[in-house]
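The structure under discussion appears below in the form of structure tokens.
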Amino acid sequence: MSYAPKISPLLLTPDNHVLVLVDFESQMLFPLKSSNIGEFRNNVAIIAGASRIFNVPTVVSTVAEDSFSGPVFPEVEEFYPKSTSGYIDRSTMNAWEDERAYQAIVGTGKNKLVLAGLWTSVCILDPALSAITEGYEVYVITDACGDVSIEAHERAIQRMIQAGAMPMTAIQYLLELQRDWARQETYGPVTDLVKKYGGAYGIGIQYAHHALVH
Numbered sequence: 001m002s003y004a005p006k007i008s009p010l011l012l013t014p015d016n017h018v019l020v021l022v023d024f025e026s027q028m029l030f031p032l033k034s035s036n037i038g039e040f041r042n043n044v045a046i047i048a049g050a051s052r053i054f055n056v057p058t059v060v061s062t063v064a065e066d067s068f069s070g071p072v073f074p075e076v077e078e079f080y081p082k083s084t085s086g087y088i089d090r091s092t093m094n095a096w097e098d099e100r101a102y103q104a105i106v107g108t109g110k111n112k113l114v115l116a117g118l119w120t121s122v123c124i125l126d127p128a129l130s131a132i133t134e135g136y137e138v139y140v141i142t143d144a145c146g147d148v149s150i151e152a153h154e155r156a157i158q159r160m161i162q163a164g165a166m167p168m169t170a171i172q173y174l175l176e177l178q179r180d181w182a183r184q185e186t187y188g189p190v191t192d193l194v195k196k197y198g199g200a201y202g203i204g205i206q207y208a209h210h211a212l213v214h
């Protein structure tokens, strides 16, 4: 019998989705209560770095950057510098209601949307439900989303799942794109990213690499 496995169409690949990074700004982070701020920033770096490594179409959107919410996280700007990445600043809380953001997202031609940002209950929930209404498949990176309370975050995630969104984590996103450690062209950048931002997992990789050369 020939080997012909059926690969789920629900899995993400570098070329079948667009990543939308929403409102990763200082003022939006200050009241974060749903997760540890340091871990949260690391998760943001992992997904931004993953999308850059795998050349995923990525939209970076801010809200009231100059008048209220402040600058984008350095973990985003490391991989998507403001000077070259065309950040889209909005007045709307729902990116789907901003014409430039909407056109940037749908203009990629991707039917799968991966969302991450602040706050889960507003700036992620609103575009997620809106995109689902228009027939898009929506994935939410739950540990790279946050809110002013655990309750607000969890109820928003629950509401999106009930509407059909699929939850995932930052590391899951990275590894789903890599999929096979034999892909040497991305193996080095992926493991370097995890060593820098992957916490205990990154330390484990550092140890393994050290042990293999001794």
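Positions 1 to 214 (our numbering) are the ones given, in order, by the sequence shown. For each residue, glycine too, the CB sits at the ideal point set by N, CA and C.
Q: Provide the residue(s) that pair with His210 in DSSP beta bridges, ordered along the chain.
A: Working through the sequence shown from its first residue, we reach residue 210 at position 210. According to DSSP, His210 bridges with nothing at all.
Q. Since Ile37 and Val59 are thought to touch, with beta carbons under 8 angstroms apart, how far apart are those beta carbons, to the nearest angstrom?
A. For the purposes of this step, residue 37 is taken as residue 37 along the sequence shown, with counting starting at 1. For the purposes of this step, residue 59 is taken as residue 59 along the sequence shown, with counting starting at 1. So it is not a contact: roughly 24 angstroms between Cβ atoms.
**Q.** Those runs of the beta strand (DSSP E) which lie wholly inside the region 45 to 93 and span at least 3 residues
**A.** Here the runs fully enclosed are 58 to 63 and 88 to 90.
Q: Return the chain-ordered ranges of every beta strand (DSSP E) run that is complete within the region 165 to 202 and spans a minimum of 3 residues.
A: Taking only runs of at least 3 residues, the beta strand (DSSP E) segments lying wholly in the region 165 to 202 are 166 to 168.
Q: Using beta-carbon positions only, say whether Thr62 and Asp98 come within less than 8 angstroms of one another.
A: As a working note, residue 62 is residue 62 in the sequence shown. As a working note, residue 98 is residue 98 in the sequence shown. No. Outside cutoff.
Q: Output yes or no for whether 8 angstroms exceeds the beta carbon distance between Ala131 and Val138.
A: In the sequence shown, residue 131 corresponds to position 131, counting from 1. In the sequence shown, residue 138 corresponds to position 138, counting from 1. The answer is yes: Cβ separation under 8 angstroms.
Q) For Thr133, is the classification buried or exposed, using 16 other Cβ atoms within 10 angstroms of its Cβ as the cut-off for buried? A) Sequence index remark: in the sequence shown, residue 133 carries index 133 (1-based). The residue in question, Thr133, is exposed, as its Cβ has fewer than 16 Cβ neighbours within 10 Å.
Q. Quick one, are the C-beta atoms of Val106 and Tyr173 less than 8 angstroms apart?
A. Along the sequence shown, one-based indexing puts residue 106 at 106. Along the sequence shown, one-based indexing puts residue 173 at 173. A distance of 8 angstroms or more separates the beta carbons of Val106 and Tyr173.
Q. Along the chain, where does the alpha helix (DSSP H) that runs through Ala101 open and close?
A. Reading the sequence shown from its first residue, position 101 is the one you call residue 101. Note, Ala101: alpha helix (DSSP H), Glu99 to Val106.
Q.
Suppose only complete runs of 3+ residues qualify. What are the beta strand (DSSP E) ranges in the region 123 to 152, listed by chain order?
A. Positions of the beta strand (DSSP E) runs, each at least 3 residues long and wholly inside the region 123 to 152, are given as 137 to 146 in order along the chain.
Q.
Alpha carbons only, please: which of Tyr3, Leu32, Thr84 and Asp143 is nearest the one belonging to Ser149?
A. Numbered from 1 along the sequence shown, position 149 holds the residue referred to as residue 149. Distances from the CA of Ser149 to each of Tyr3, Leu32, Thr84 and Asp143 were compared; the closest alpha carbon is that of Leu32.
Q: Assign Phe68 to one of two classes, buried (16 or more other C-beta atoms within 10 Å of its C-beta) or exposed (fewer than that).
A: Along the sequence shown, one-based indexing puts residue 68 at 68. It is exposed - the Cβ of Phe68 has fewer than 16 other Cβ atoms within 10 Å.
Q. Do Ile46 and Ala170 come within 8 angstroms of each other at the CB atom, strictly closer than that value?
A. For the purposes of this step, residue 170 is taken as the residue at position 170 of the sequence shown. For the purposes of this step, residue 46 is taken as the residue at position 46 of the sequence shown. Less than 8 angstroms separates the beta-carbon of Ala170 from that of Ile46.
Q. Among Tyr80, Tyr136 and Thr92, which one has its Cα closest to the Cα of Val44?
A. Taking the first residue of the sequence shown as 1, we reach residue 44 at position 44. Ranking Tyr80, Tyr136 and Thr92 by CA distance to the CA of Val44 puts Tyr80 first.
Q | Rounded C-alpha distance that separates Asn55 from Arg159 | A | If you number the sequence shown from 1, residue 55 lands on position 55. If you number the sequence shown from 1, residue 159 lands on position 159. The straight-line gap separating the alpha-carbon atoms of Asn55 and Arg159 is approximately 30 angstroms.
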